[in-house]
Amino acid sequence: MSPYAGIVEAIANKTIALFSKKGSNESHALSNLGDMHNQYQIVKLAHQKLVDNANNLMLKPSSDSAAVALQAKAIITQHGRMSAQAAMEALGGSSYFYNVGIERLYRDLLAGEFHPMHSSKQREMLGNYLTGKTLAGVN
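Take the sequence shown: its letter number 31 is residue 30 in numbering that gives the first Met the number 0, and every next letter is one higher.
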């Protein structure tokens, strides 16, 4: 999930730089910029939780540690997408220009929904865990 968190960071940094150069004071654009940053902060918190969960690669595999990883993946992909969408709304149509690079980063970010597994399967596994089953759904 680190690559996806990095993509969100790149989009946020690029958007702030472009927005600052553009110098817009439109309230809807500023509001979207604030929303982008809020969503980015959620991604950073989830990523840090994922890193902490790995315990410097000394973690003992368990349903608990797997559930934390599944939740972090869901948060990073969902809020990363929301951050990118707010960034694109803040910049407007220019965010789709090839030389800006945000559209490509956004497209790359969308792959998080399918990597390493489809988000619906991840939610199913988490649901199994929350109802006292194994991640695979066995009682």
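Just so it is clear, CB atoms sit at the ideal spot from N, CA and C, and this is done for glycine as well.
No experiment lies behind these values; they were computed from the predicted model shown.
- Query: Taking the continuous alpha helix (DSSP H) assigned at S82, which residues delimit it?
  - Reply: S62 to L90
- Item | For V137, the three-state DSSP class (helix, strand or coil) | coil
- Message: Please report the straight-line C-alpha distance between R122 and F18, rounded to a whole angstrom.
- Response: 36 Å
- Three-state secondary structure assigned by DSSP to K13: Residue state, collapsed to three classes: helix.
- Message: Alpha carbons only, please: which of I74, A9 and E25 is nearest the one belonging to V99?
- Response: Checked all of I74, A9 and E25; the closest Cα to V99 is A9.
- Evaluate contact between the stretch 99-118 and the stretch 53-63, counting only Cβ atoms and requiring at least three cross-stretch pairs below 8 Å. Result no; under three Cβ-Cβ pairs closer than 8 Å.
- Taking the C-alpha atoms as reference points, what is the distance between S82 and M124? 26 Å
- Message: For the structure I just gave you, are there three or more beta carbon pairs, one from the stretch 41-52 and one from the stretch 0-16, closer than 8 Å?
- Response: yes
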